[in-house]
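Residue numbers (my numbering): 776 to 1439. C-beta atoms are modelled at their ideal positions from N, C-alpha and C, and glycine is treated no differently. Keep in mind the model is a prediction, meaning the values are calculated, not measured.
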Ligand code: ATP
Ligand code: MG
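Encoded structure:
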């Protein structure tokens, strides 16, 4: 790798940042100015200077961004070197730290990560236990409060609502008893173990001597503390971000982390980037005028390097069905040999309720697509079951997972037995698995129930041993195990349609494939389970599938597409209803700005006159952000007028055709 080649793809300011390898560096710059590109090159530069790849850490916000960064560095340096870098999300960074050091906090290093359905199941149990009805408190109510508190570093004991506080505290106690951590605990305990234990901190500092954080505007207080602990003098930390793209305020992100960076790391080398290489002048002009409407912001220059470009299309749609079909039709009309490919297109939306319609339109038109930022696969019941089997196989002491599959499929371990079992494990202070072997517990059961329990523990032991002996065959072993317990038959029996049957079979099939892929790559079963657990949380993505990208605005941060559709520009959607109630309209405007600036060549915006909700037609108002755009670069179109014109054109042709036929 010649030095010249590395710097060829960079402008002067970017080079300056790449050369500043020592001490704190801050790059605060607008969308598409090459921030991510710059930090990627900067890592390559560090390697070129002889830094050991194992000493380099890069933190991003999504798995997708981490993968992409790893790939981009991989293009600049040798594959093997790129592989030795640590490029990960904040949460997976914490998993890494905790798998090694959580012992200091009294947990066992084989802790389980409780997310999604398992976590909600536990919450539901506790809600019932504490006498709250479904109407009064939902798992979501508790989780929102718990998550907000944990991220803000506030104790659960100070939650105001009595009922929610009680449930939240026993939720935490239960997690602890099961040696389980939820998503927020990862960050909380990761930060804690590094902060409280000098040995841990020093070990981390010794390993990661050069640290980079992308999208720094979205870090919260906890993440900032973690960084301060991890990065000691001489503070080799490089952060990049854009305050105008700060969109996680609702999750506790503090934009001050980037705006007052020098308070945390003194005398940073500050680099500003002002040239946008991504979007046309048309798209950038629209974006700039919109974001200028935010009252408090750190003003930045953002100049286009690609002048002119096609005007941004603003389409008035009669309803959401038409909107979805129009998107699908337009994409179809532009894809073909010598034209664009499906991967050039992204459809951006604000809320999950907008997904289903769009998915349907894509399916009807047979357009392959991938869904990013919205949960689907890992939320499926069968997927959660099978992951639980695997988790138990990897570690039978994983109580949450064990309880999930105790009687699935039914094997004579009914709720009576389960209650006795839980009591036993609580009294003895052991895992549920250990309690299952306890003779005192077994003695309380009927002969039949006892037989069922012994049978089950034997089956699990065999499965577990097989997995330990043949970690590479995990996929096959899993399939054999599912067959042995007749899992698929049982699952299929509850399906109502053949479509459902197919989907479930496919989902389990995908899981087996994913597992096999992971173990052939040399990952351990626990590593696979960790990644599956992390995938379940927001921003999961299906990178392998090709096609049009359907993506939430939040997940689209940092990404770019040739053609972007931003749909549903209506009051209540963007800006979101909640933001109007909570007075966070500026954050919605930033979200709109993020959406606009994803587009490279062409941007389509649309809003509907009506939308179906709960089967009823409702009227919609165009978003208040629309008039804020630079209309010199916008072309307004009305779908109905357009269709009428086309139709009358057809009629005219028909009329002439008829006339001609008569004459002939
Ligand atoms: P965002 O704020 O959306 O995260 P960013 O500042 O991280 O954007 P990048 O994604 O790094 O920007 O770059 C935007 C696009 O511009 C990419 O396609 C990148 O390859 C290109 N680009 C960046 N710098 C240059 C350059 N010096 N010459 C040519 N292209 C560039
Ligand atoms: Mg970026």
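Taking residue i as part of the alpha helix (DSSP H), name the residues at either end of that continuous run.
i            : result
residue 937  : 937-952
residue 1250 : 1249-1259
residue 1077 : Residue 1077 -> no alpha helix (DSSP H), and no H or E assigned at all.
residue 874  : 865-876
residue 960  : 958-971
residue 852  : Run containing residue 852: none; DSSP gives neither H nor E here.
Work out the CA separation of residue j and residue i for me, nearest whole Å.
i            : j            : result
residue 1218 : residue 1210 : 12 Å
residue 1223 : residue 1199 : 19 Å
residue 1384 : residue 1414 : 11 Å
residue 960  : residue 1189 : 32 Å
residue 1401 : residue 1123 : 16 Å
residue 1158 : residue 781  : 44 Å
residue 1087 : residue 1048 : 25 Å
residue 889  : residue 955  : 6 Å
residue 1120 : residue 1129 : 17 Å
residue 874  : residue 985  : 22 Å
residue 1181 : residue 935  : 36 Å
residue 902  : residue 893  : 14 Å
residue 844  : residue 815  : 7 Å
residue 997  : residue 833  : 17 Å
residue 830  : residue 860  : 7 Å
residue 1328 : residue 1301 : 32 Å
residue 1203 : residue 1213 : 10 Å
residue 1281 : residue 1162 : 15 Å
residue 905  : residue 880  : 28 Å
residue 979  : residue 971  : 13 Å
residue 1173 : residue 883  : 11 Å
residue 1312 : residue 864  : Summary for residue 1312: the model assigns pLDDT 44, below 50, so the residue's position carries little reliability; its value from the coordinates is reported in the next sentence. Each residue's alpha carbon lies about 12 Å from the other.
residue 1387 : residue 1057 : 33 Å
residue 1143 : residue 1343 : 22 Å
residue 929  : residue 1139 : 49 Å
residue 819  : residue 807  : 20 Å
So, under 8 Å CB-CB, residue i and residue j are touching, yes? Tell me the CB distance rounded to an integer number of Å.
i            : j            : result
residue 982  : residue 1016 : With a Cβ gap of about 24 Å, residue 982 and residue 1016 do not count as contacting.
residue 1322 : residue 1117 : 5 Å
residue 1147 : residue 1330 : 5 Å
residue 1034 : residue 1018 : 6 Å
residue 1185 : residue 1239 : In fact, because the Cβ distance is near 22 Å, the residues do not count as touching under 8 Å.
residue 1168 : residue 1242 : 5 Å
residue 1039 : residue 801  : About 10 Å; that fails the 8 Å criterion.
residue 988  : residue 942  : Not confirmed; about 35 Å, so no contact.
If we count the other Cβ atoms within 10 Å of its Cβ and call it buried at 16 or more, is residue i buried or exposed?
i            : result
residue 977  : exposed
residue 1011 : buried
residue 1299 : exposed
residue 1420 : exposed
residue 1114 : exposed
residue 867  : buried
residue 927  : exposed
residue 783  : exposed
residue 1054 : buried
residue 965  : buried
residue 840  : buried
residue 1099 : buried
For residue i, which of helix, strand or coil comes out of DSSP?
i            : result
residue 1021 : coil
residue 1395 : coil
residue 886  : coil
residue 1373 : coil
residue 1107 : helix
residue 793  : helix
residue 914  : helix
residue 1090 : strand
residue 845  : helix
residue 1405 : coil
residue 1387 : strand
residue 1016 : strand
residue 1162 : helix
residue 1359 : coil
residue 1315 : Only weak support exists for where residue 1315 lies, its pLDDT of 38 falling under 50; the coordinates are left without a value.
residue 1226 : helix
residue 1188 : coil
residue 859  : coil
From which residue to which residue does the beta strand (DSSP E) around residue i run?
i            : result
residue 811  : Note, residue 811: premise wrong, no beta strand (DSSP E); alpha helix (DSSP H) at 810-823.
residue 1221 : Taken as a continuous stretch (DSSP letters only), residue 1221 belongs to no beta strand (DSSP E), as it is neither H nor E.
residue 1051 : 1050-1055
May I ask you to check if the CB of residue i is nearer than 7 Å to at least one heavy atom of the ligand GTP?
i           : result
residue 784 : Looking at this structure, you won't find the ligand GTP anywhere; what it does contain is the ligand ATP and the ligand MG.
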